[in-house]
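Contents: one structure, followed by commentary.
Residue numbers (our numbering): 38 to 184.
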């Protein structure tokens with residue numbers, strides 16, 4: 038079970054603006070601010086954040102806990118959405134916030150019931166909002182007309 042993830046970004050203000058707007062349709066708000074790191078989480082009345090943004094230099098290398106240098110490739114993060122409408126709203130909000138389209142809302146070929154949208158954040162990270170209703174066709178969970 039995943040508790041939290043930290044995404045290192047080159048411009049913290051730009052990224053906070055992007056994610057605040059892009060994740061609002063999924064129920065996320067800024068919940069924590071620890072030094073220069075900001076935490077986002079679902080607006081559920083708790084203090085728990087599961088998604089953090091932390092500033093880094095564009096040319097910086099990451100350091101593991103044992104002190105060795107590592108290179109951080111582009112990250113893919115998938116946020117669970119409560120509905121197809123939320124995925125559509127996420128995609129629109131992310132584009133309006135300066136993200137780049139990386140896959141319009143729609144069904145995906147991974148398996149039946151997988152519906153998502155992809156955007157690239159200001160640092161080029163691949164951000165997805167997804168509902169995965171495998172086997173739930175025909176009981177109202179997927180909008181009419183969605184293949």
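For every residue, glycine included, the Cβ atom is placed at its ideal position computed from N, Cα and C. From a predicted model like this one, the values you see are computed outputs, not experimental measurements.
- When the five nearest sequence neighbours on each side are left out, the beta carbons in the same chain lying within less than 8 angstroms of the beta carbon of residue 53 are those of 67, 75, 90, in order along the chain.
- A straight-line Cα-Cα distance of about 30 angstroms links residue 47 and residue 152.
- Around the beta carbon of residue 165, a 10 Å sphere encloses 16 or more other beta carbons of the protein chains shown; the residue is thus reported as buried.
- Here residue 69 is exposed, its C-beta having fewer than 16 other C-beta atoms within 10 Å.
- Annotation note: the stretch 134–163 contains the following uninterrupted beta strand (DSSP E) runs of length 3 or greater, listed N- to C-terminal: 137–144, 151–157.
- Here residue 137 is exposed. Its C-beta has fewer than 16 other C-beta atoms within 10 Å.
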